[in-house]
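Q: Per our numbering, the very first residue in the sequence shown carries number 3; after that it's consecutive.
Pasting in a structure now, in structure tokens, and then I'll have a few things to ask.
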Amino acid sequence: MNPNLQQLQPYPFAKLAKLKAGVEAPGELAHIALSIGEPKHTPPAFVRDELIDNLDKLAAYPVTKGLDPLRETIARWLCERFQLDTVNADSQVIPVNGTREALFAFAQAVVSPGSKVLMPNPFYQIYEGAAFLAGAEPHFINCRVETGFKPDFDAVSESVWQQCDLLYLCTPGNPTGALLDIEDLKKLIALADRYDFTIASDECYSELYFDEDNPPVGLLQACAELGRNDYRRCVVFHSLSKRSNLPGLRSGFVAGDGEILEKFLLYRTYHGCAMPVPTQYASIAAWQDEQHVKENRALYRQKFDAVLDILDGCLDVQKPEASFYLWPRVGDGETFARELFRQQHITVLPGAYLAREANGVNPGAEYVRMALVATLDECIEGAKRIKQFCR
């Protein structure tokens with residue numbers, strides 16, 4: 003067996019199941035799950051119809067590079083959404099089966115064994131696993147309230163930057179919802195140039211924001227402002243899962259530096275992970291429509307406003323800049339999560355399970371993550387129970 007497999011920790015939800023084992027929740031209260039970041043809003047009907055209408059195309063092998071119309075649709079979406087002058091659909095875009103598999107696979111293609119892979123802390127656990135399986139060492143950059151929950155890049159030593167092959171970003175952040183601004187991204191691009199590493203920006207929450215006039219910026223947008231239309235050393239990952247409530251479609255894309263993506267495409271050709279053709283046509287329909295995305299944001303705004311109004315004054319929590327998570331400070335996240343389940347039959351995720359100890363501290367230990375993915379009524383009921391629990 004690959005010895006690097008021994009370095010993988012149990013997934014956060016396996017740890018959560020162990021924490022809840024043997025805990026009796028009140029049966030008279032319906033369970034409310036706020037732990038898993040799985041969208042629950044109704045998927046767009048027109049995407050489903052497009053998928054059904056193209057089922058006959060299951061008779062053909064898909065190509066790893068994807069259909070020309072899909073890549074062209076993605077390139078247009080990127081240019082419109084992030085104010086880009088140009089994206090080459092032929093060389094700078096690759097469709098992928100959701101960002102999870104692509105974020106993992108990317109490290110296998112661009113990382114040299116023995117190097118370092120830098121990532122925010124807390125983080126999406128795929129980043130760490132990708133580093134281990136690529137034979138690299140994860141290096142965690144703490145995201146704490148003192149830095150607005152952004153990674154503290156200034157705390158990274160020059161020797162660590164020199165060993166870095168890959169930097170994972172997550173903006174908007176999971177679990178904090180914090181955003182990197184355009185100047186943050188430009189600073190990181192300069193560091194990538196100086197120390198010769200690749201930036202992989204996980205932007206799968208980029209379409210879940212609250213101010214319609216101020217969408218989150220992206221890494222390619224920072225490149226464009228610097229006049230770097232080749233997007234050198236920069237790659238972004240986007241998905242239909244959160245944007246369009248299509249987690250089961252497993253559809254996203256990678257875009258950016260064409261030289262890097264040429265090698266990544268070679269890797270994926272051997273990996274055998276081409277997107278099914280019906281899924282590609284359904285994805286074209288989804289990326290071409292913004293109305294359903296605006297409606298989706300409106301539903302989340304409604305839930306955040308209602309829940310935060312109820313929790314005001316009883317929990318140390320603020321509205322995030324984007325995403326669908328709350329990141330309240332509760333003291334001991336594990337104790338809070340276990341007792342909330344025992345007393346109120348609500349499941350939340352201890353923040354420690356999303357982080358690792360770095361520089362003598364686990365930056366998630368005092369927090370829990372709450373995903374406002376349930377219905378409005380369930381979120382309101384959950385907030386009322388949490389308020390009662392806190393009191």
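Even for Gly, the Cβ is constructed at its ideal location relative to N, Cα and C.
Here the structure is a predicted model, which is why all the values come from computation and not from measurement.
(1) Using DSSP with H/G/I as helix, E/B as strand and the rest coil, what is L342?
(2) Name the DSSP bridge partner or partners of A276?
(3) When the Cα of V95 is compared with those of G258, G24, P14, which residue comes out closest?
(4) Buried or exposed: M121, going by 16 or more other Cβ atoms within 10 Å of its Cβ?
(5) Measuring CB atoms only, is the stretch 15-24 touching the stretch 151-161, in the sense that at least three cross pairs come out at less than 8 Å?
(6) Considering only the beta carbon of each residue, do P365 and R146 sit closer than 7 Å?
(7) State whether the stretch 240-253 contacts the stretch 189-207, with contact taken as three or more CB pairs (one from each stretch) at a distance under 8 Å.
(8) Does the beta-carbon distance from P322 to G150 come in below 7 Å?
(9) Could you check the C-alpha separation between V25 and N6 for me, to the nearest Å?
(10) Measuring alpha carbon to alpha carbon, tell me which residue in P115, L210, Q165, G362 is nearest E297.
(11) Are the Cβ atoms of S114 and D167 separated by less than 7 Å?
(12) Would you report the Cα separation of E82 and G335, rounded to the nearest angstrom?
(13) If you run the structure through DSSP and keep just helix, strand and coil, what is K296?
(14) Alpha carbon to alpha carbon, how far is K188 from S37?
(15) When you compare the CB positions of P140 and A133, do they come within less than 7 Å of one another, or not?
(16) Report yes if the CB atom of D318 is closer than 7 Å to the CB atom of P330, and no otherwise.
(17) Hey, C236 and L222 are a contact pair by Cβ (cut 8 Å); roughly how many whole angstroms apart?
(18) With distance defined between alpha-carbon atoms, name the residue in V363, A308, I388, V162 nearest to F343.
(19) Report, in whole angstroms, the separation of the C-beta atoms of A138 and K152, which I expect to be a contact under 8 Å.
(20) Pairing CB atoms from the stretch 52-71 with CB atoms from the stretch 258-277, are three or more of them under 8 Å?
(21) Thinking C-beta only, is I76 closer than 7 Å to F255?
(22) Whole beta strand (DSSP E) runs in the stretch 176-217 with 3 or more residues, listed along the chain?
A: Working from what's here:
(1) In the sequence shown, the residue the question calls residue 342 occupies position 340. Looking at L342 - three-state DSSP - the assignment turns out to be helix.
(2) Counting from one through the sequence shown, the residue named residue 276 turns up at place 274. Answer by DSSP bridge pairing: none, since A276 is not bridged.
(3) On the sequence shown, position 93 is the one that residue 95 refers to. With distances taken between Cα atoms, V95 lies closest to G258.
(4) As a working mapping, residue 121 is identified with position 119 in the sequence shown. Burial call: buried.
(5) no
(6) Numbered from 1 along the sequence shown, position 363 holds the residue referred to as residue 365. Numbered from 1 along the sequence shown, position 144 holds the residue referred to as residue 146. Against a cut-off of 7 Å, the Cβ pair of R146 and P365 comes out as a contact.
(7) yes
(8) The sequence position of residue 322 within the sequence shown is 320, counting from 1. The sequence position of residue 150 within the sequence shown is 148, counting from 1. No, these two residues do not count as a Cβ contact at 7 Å.
(9) Taking the first residue of the sequence shown as position 1, residue 25 is located at position 23. Taking the first residue of the sequence shown as position 1, residue 6 is located at position 4. One C-alpha to the other measures close to 34 Å.
(10) Position 295 of the sequence shown holds residue 297. Here the closest residue by C-alpha is L210.
(11) Reading the sequence shown from its first residue, position 112 is the one you call residue 114. Reading the sequence shown from its first residue, position 165 is the one you call residue 167. The answer is yes: Cβ separation under 7 Å.
(12) Residue 82 sits at position 80 when you count from the first residue of the sequence shown. Residue 335 sits at position 333 when you count from the first residue of the sequence shown. If you take the alpha carbons of E82 and G335, they lie about 41 Å apart.
(13) Translated into positions along the sequence shown, residue 296 becomes position 294. Residue state, collapsed to three classes: helix.
(14) Taking the first residue of the sequence shown as position 1, residue 188 is located at position 186. Taking the first residue of the sequence shown as position 1, residue 37 is located at position 35. If I take the Cα positions, the gap works out to 34 Å.
(15) Residue numbering aside, residue 140 sits at position 138 when the sequence shown is read from its first letter. Residue numbering aside, residue 133 sits at position 131 when the sequence shown is read from its first letter. Cβ distance < 7 Å, so P140 and A133 count as in contact.
(16) As a position in the sequence shown, residue 318 is number 316, starting the count at 1. As a position in the sequence shown, residue 330 is number 328, starting the count at 1. Cβ distance < 7 Å, so D318 and P330 count as in contact.
(17) For the purposes of this step, residue 236 is taken as the residue at position 234 of the sequence shown. For the purposes of this step, residue 222 is taken as the residue at position 220 of the sequence shown. The pair is a contact, with the Cβ atoms about 7 Å apart (cut-off 8 Å).
(18) As a working note, residue 343 is residue 341 in the sequence shown. Checked all of V363, A308, I388, V162; the closest Cα to F343 is I388.
(19) Numbered from its first residue, the sequence shown carries residue 138 at position 136. Numbered from its first residue, the sequence shown carries residue 152 at position 150. That belief does not hold up - the Cβ atoms of A138 and K152 are roughly 23 Å apart, past 8 Å.
(20) yes
(21) Along the sequence shown, read from residue 1 onward, the residue named residue 255 stands at position 253. Along the sequence shown, read from residue 1 onward, the residue named residue 76 stands at position 74. Contact flag set, yes.
(22) 200-204
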